[in-house]
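Take a look at the structure below.
Residue numbers (the numbering used here): 1 to 1005.
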């Protein structure tokens, strides 16, 4: 180690005494005053003496006295440090060039400045001295003083020349050799320094100085035992200014001798340069503790090394990482290994740090960069290393554990030998599930198919079959879904999966969609008999079982099944009650049907089926001869549900009743109003057709012809072509020829945009496009169907419109559709879907009041799954954060943590760390950030925000190294988040400013 030593003042300095020899004569008046002034001058009463000398100079005619007075006047000014003193002395020299005191003047002033330590001023005047006019004794003094002045002014090379002139002087020799030796010492010429020091005989100098410098030189020459001996010898002397430096020499000497226990007390006794340690100082003490197995104290020293960029720092960070590992502080070790691996001073340390950094990243996660990238980088740097195979295994696993299944698939497809067939199977499965959860069902089917191509593990094969079937079902590929459900059913491992309990329900639905109602009945029966805790799913199964009985004309079993659905607690019963009432009509219990429908209209005033119930009630009343009540019920329907698709049909039915009762004018009025208010509908076509019969019966054919002339949708000759065109496309669809069906439906819509089958064609076309994953093409067709305000396909189409817009994150456009879906949905899942997305949409618009209202609606549904529940809780938490209600936010995020996955879980973990930091639970807060880094590394913004919290935690725990290292990495690795980088920089500046007060190696600029 090298030390910067202060330059000491000379140990022996000459003192100037100025006097005048006595003369035995009688003085004149001027001479007497001169002598009085001289006496005052010699007694250092310079102010009084100067005043008298000035007066004598002005009043005497004696040239010598005048010159001497000017001389002493100037000398007094110098000693009084007066402004212009130099000028006075220069004036003396100019005005009295022949004065015998001319050379003395230069010497006197120079020596005065020398004695007062003003060496640059002394040099100015020494430079004026005529050295050859000096006596030998005066010349020795001049050479020493001039040499020392040069030395003290940093002109060491010139100083040596003058000091060498007096090195043999009895008076100045020891001092001259001391300073010559010291110059050699400062220039690291220790041999010359020792030679000069060995020549010194003055015991005072030897006592005061030599032990320290010789100890330091021995240390620097690697003679550590001798350095210790000399330094201890000097340290034993009391009240030494060099105690701290001597302790450093002893401590570092023991360190270099690997006697770490002996080094520690001396390294601790060192007080730093001007009260500050350097990074090297912290390293020496830290490493000594490390070698003693005192890892806690080692960490306390190593972690003060901030911003180091040299080999000492690389070594320190590596050993710091080892100490952290010894104390099971893996996150801290990760940071230190990463830091050491980023330096190139020692290739071996870099390689070993790289390896440990990669291993730890795999084990605990990495908040700075994806774990697979860390391991890939290692393999790229050391392709043929002894750890290559281990790293390849970890690389594949790292993609899986970090849930980066897309990256894992890409890796394995590019490097198939990196993993076994079983691993390929699992990765493809997990990627398929990820795509499924993201709503990309087409890609999910593809990846699950790749998993099934490698059926190494029967359990994963079973799961892949199940989820592939689910994706195919959601794509309306019911035939394909059925095949995969059956393969799942036939797998011996299927019964050990969570999904097995849902199989009968799903098979029932698939057969139901395929219109294979006998098989649907069988599987729905299996499911309901087995039972489930999910009341909503049981209710739904009973409904579909009842519908399957209903559509196959098994009405009594249907009624019994609907009754079972109605007996379940907590679910909406409107649909079951309606279907039950309808079933009574088919078993010739029309009175019971009427009673049930009336009860329904009263019990379910807000259901979207109420208009259907009123319509069926009116129809049944008419069919049982209760004509007046039937007509009144039609009127009620028309009055209360003006927007219902059943209104035109109800009016047609009223017209037919009037027609059958020979009330022809009333019938014509109803038919004409249907044509006027509902053109281009099936009901309008039927109204025209029946009205024609009446006009013919009344003999008013000309009136009929005039009426229909302006009706563009009436063209009787086109009806057969309309039906034939639709039937052709529908047959292609029924046969599974999707592309041909798409062309057929498009052709029908082009030819008959307002045709009788236009709505169904739009719906079927939308379903086919959706099944192919072409959602943008499906959207306009779903919108047309959804905008029909009712009908068989309206609700499903409306739900699809919402789903597609939400997939685009277009909450502005989707909000009106979601509001309609919430209002019109008969199926509870659709209503919950609408409410949960209305909640998100209003949050996007900063309408936090409505956000919270819809979140409460969603959470009030007892049967929602955890994903929807976590969405509601995250909305509550975000709204609370936005409105400054941190207590509510904290509770909501705690709820989210229990059930959330993906991005919501990452967000909740960040806030868990945030609130723990506020509560000063710093280690617990760090644990949350570590979990965030390990389990949710793909959510980089939350990871970066978590790192800033972690840095604050570490600083609060006294670990400045971790804090600054983390913040510096945030500033370099998260540039895509400017606000985050600004926060990290501000925090880093605060910490460095504080730490720079005790560490000289820290730069704060």
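For each residue, glycine too, the CB sits at the ideal point set by N, CA and C.
Cβ separation of residue i and residue j, assumed to be a contact under 8 Å, to the nearest whole Å
| i | j | result |
| --- | --- | --- |
| residue 648 | residue 670 | Going by Cβ atoms, the distance from residue 648 to residue 670 rounds to 10 Å, so no, they are not a contact pair. |
| residue 1013 | residue 134 | This structure leaves residue 1013 out entirely; the chain is present only between 1 and 1005. |
| residue 530 | residue 546 | Not confirmed; about 18 Å, so no contact. |
| residue 581 | residue 600 | 6 Å |
| residue 49 | residue 40 | 4 Å |
| residue 781 | residue 757 | Actually they are not in contact, since the Cβ atoms of residue 781 and residue 757 sit about 13 Å apart, beyond 8 Å. |
| residue 646 | residue 612 | 7 Å |
| residue 371 | residue 382 | About 17 Å; that fails the 8 Å criterion. |
| residue 246 | residue 215 | 7 Å |
Own chain, CB closer than 7 Å to residue i, minus 5 neighbours either side, in chain order
| i | result |
| --- | --- |
| residue 487 | 465 |
| residue 24 | Confidence is the limiting factor: at residue 24 the pLDDT is only 42, short of 50, which leaves the residue's position unreliable, though a coordinate-based value still follows. Excluding sequence neighbours, residue 24 sits near nothing in its chain. |
| residue 326 | 295 |
| residue 872 | 836, 839, 855, 858, 859 |
| residue 130 | 103 |
| residue 17 | Low confidence applies to residue 17: its pLDDT is 34, below 50, so where it sits in the model is not reliable, and the reading given next is rough at best. Excluding sequence neighbours, residue 17 sits near nothing in its chain. |
| residue 451 | 425, 428, 429, 432, 460, 464 |
Proximal residues to residue i (C-beta, below 6 Å), its chain only, five neighbours per side dropped
| i | result |
| --- | --- |
| residue 22 | Interpretation of residue 22 is limited by its pLDDT of 42, a score under 50 that renders its predicted location unreliable; the figure taken from the coordinates is listed afterwards. There are no such residues. |
| residue 26 | Any reading at residue 26 must be qualified, since the residue scores a pLDDT of 47, below 50, and its modelled position is unreliable; the value itself is stated next. If we look at residue 26 and ignore the five residues flanking it on each side, it has no Cβ neighbours. |
| residue 911 | 893 |
| residue 357 | 337, 338, 341 |
| residue 66 | 57, 60 |
| residue 320 | 302, 336 |
| residue 218 | 226, 227 |
Sub-7 Å separation of residue i and residue j beta-carbons
| i | j | result |
| --- | --- | --- |
| residue 360 | residue 375 | no |
| residue 478 | residue 513 | yes |
| residue 125 | residue 106 | yes |
| residue 37 | residue 52 | yes |
| residue 824 | residue 608 | yes |
| residue 687 | residue 701 | no |
| residue 500 | residue 494 | yes |
| residue 751 | residue 741 | no |
| residue 999 | residue 277 | yes |
| residue 963 | residue 991 | yes |
| residue 948 | residue 983 | yes |
| residue 503 | residue 535 | no |
Continuous alpha helix (DSSP H) stretch holding residue i: start and end
| i | result |
| --- | --- |
| residue 557 | 555-567 |
| residue 740 | 738-751 |
| residue 647 | 646-660 |
| residue 337 | 330-341 |
| residue 391 | 388-401 |
| residue 65 | 63-79 |
| residue 868 | 866-882 |
| residue 361 | 347-364 |
| residue 493 | Counting along the chain, residue 493 falls outside any alpha helix (DSSP H), and DSSP gives it neither H nor E. |
| residue 424 | 421-437 |
| residue 247 | 243-256 |
| residue 235 | 224-235 |
| residue 440 | Here residue 440 belongs to no alpha helix (DSSP H), and DSSP marks it neither H nor E. |
| residue 676 | 664-677 |
| residue 521 | 517-530 |
| residue 949 | 940-956 |
| residue 800 | 794-807 |
| residue 586 | 574-586 |
| residue 921 | It is not in any alpha helix (DSSP H) - residue 921 carries neither H nor E in the DSSP assignment. |
Contact set for residue i: own chain, Cβ-Cβ below 8 Å, skip 5 residues either direction
| i | result |
| --- | --- |
| residue 723 | 756, 757 |
| residue 579 | 543, 546, 547, 550, 558, 562 |
| residue 664 | 658, 694, 697, 698 |
Chain B within 7 Å of residue i, Cβ atoms only
| i | result |
| --- | --- |
| residue 908 | Looking at the structure shown, chain B is missing, and only one protein chain is on hand. |
Cβ-heavy atom distance, residue i to the ligand ADP, below 6 Å
| i | result |
| --- | --- |
| residue 474 | As for the ligand ADP, it is missing from this structure, which has no ligand bound. |
I want to know whether the region 340-354 touches the region 295-306 - three or more CB-CB distances under 8 Å. no
Would you call the region 880-891 and the region 857-867 touching, i.e. three or more CB-CB distances under 8 Å? no
Contact the region 964-971 vs the region 433-451: 3+ CB pairs below 8 Å: no
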